[in-house]
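The sequence shown stops at residue 266 when you use this note's numbering, and every number in between is there. Single-structure report; data block below.
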Amino acid sequence: KAEKLMGVEEVREAARRAKEAGSTRFCMGAAWRGVGQVGSRQFERVLEMVSTVRAMDMEVCATLGLLNTEQAKRLKEAGLTAYNHNLDTSKEFYPKVITSRKYEDRLATLQSVRDAGLSVCCGGIIGLGESHEDRVSMLHTLATMAVHPESVPVNALVANEGTPLEKMETVPVTDLCRMIATARILMPKSMVRLSAGRVSLSAAEQALCFLSGANSIFTGDKLLTTPNPDFDHDEQMLASFGLVGKPPSFEDTNVAQQRAMH
């Protein structure tokens, strides 16, 4: 069911809670096909949200669907640190699960993000019915980009009831670990983020993911439409692992800007 775009004050309060819980990057998502498909007033409100969160001394990430270079530059000017736009799967398997946009559209959005000097957050989902070769192909696409994504989310499908993939089997944690480890080897300087699907993993299984090469998680009770462990649970788990959050860093954005200029 579609929901209204949140208000700026709602976002400010959510960011405050996230910062108090130890988060250093605040991610905002809208289930849009792209910025060009919504009214300008909604995009202006998102720009205000970005500026509001950045003023709280937090890194700011957004995922809003397809984006052109001008729109990416406006987000950058508002204070955005990074833009998330996942490839989801391999180019070969993509048409079997997604029809709302083309693979080339996703690559064009990533280039617009890079050209605007923003940090790129781009990964994919496993458990869609793809083969191991498809997983390798997706990682190959990411690893052979002119510049590796600064952030690579690894998601496991959450088979929500009422969706075409509701009967898909849960992804084994060993498959997640293989993806994380391979991403870490191929893109050694990227932040590999353990993302959707964590809610079904035990603390021991998540520890195994960290040992495989993950060095970040997404916290908060929901990732767009997908449930996620709550802040308190994550805080206790990370403390038991002896892991602490890194301070906010805007260096990645500066590096991305320099790369965009060359």
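Glycine included, C-beta positions come from ideal geometry on N, C-alpha and C. Just so it is clear, the structure is predicted and the values come from calculations on it, not from any experiment.
Inset, instruction - In the DSSP assignment, find the alpha helix (DSSP H) that holds E154 and state where it starts and stops. - result: Unbroken run through E154: none, as it is neither H nor E.
Legend entry - Nearest-angstrom Cα separation, counted from V203 out to L146: For L146 and V203, the gap between their C-alpha atoms comes out near 26 Å.
Inset, instruction - Run the CB neighbour count on T148, radius 10 Å, all protein chains shown included, and call it buried at 16 or more, exposed below. - result: Of the residues assessed, T148 falls on the exposed side of the cut-off, its CB having fewer than 16 other CB atoms within 10 angstroms.
Legend entry - Element boundaries [alpha helix (DSSP H), containing S116]: If you look at S116, you'll find it in the alpha helix (DSSP H) that goes 107-119.
Legend entry - Length of the line joining the Cα atoms of G217 and I184: Distance between the alpha carbons of G217 and I184 is about 6 Å.
Inset, instruction - Can you tell me which of the three DSSP states T73 falls into? - result: DSSP places T73 in helix when its eight states are reduced to three.
Legend entry - Reduced DSSP category for R37 - H, G, I as helix; E, B as strand; rest coil: Reduced to three states, the DSSP call for R37 is coil.
Inset, instruction - Express the C-alpha separation of S123 and Q240 in angstroms, rounding to a whole number. - result: If you draw a straight line from the Cα of Q240 to the Cα of S123, it is about 29 Å long.
Legend entry - D236, DSSP secondary structure in three states: Helix.
Legend entry - Nearest-angstrom Cα separation, counted from L51 out to V42: Going from the Cα of V42 to the Cα of L51 covers about 14 Å.
Inset, instruction - Give a yes or no on whether the C-beta atoms belonging to T178 and L143 are separated by under 8 Å. - result: The Cβ atoms of T178 and L143 lie no closer than 8 Å to each other.
Legend entry - Residue from G33, L242, Q75, G246 whose Cα sits closest to the Cα of S44: With distances taken between Cα atoms, S44 lies closest to Q75.
Inset, instruction - Name the residue from G40, H237, M32, L132 whose alpha carbon lies nearest to the alpha carbon of M62. - result: The shortest Cα separation from M62 among G40, H237, M32, L132 belongs to M32.
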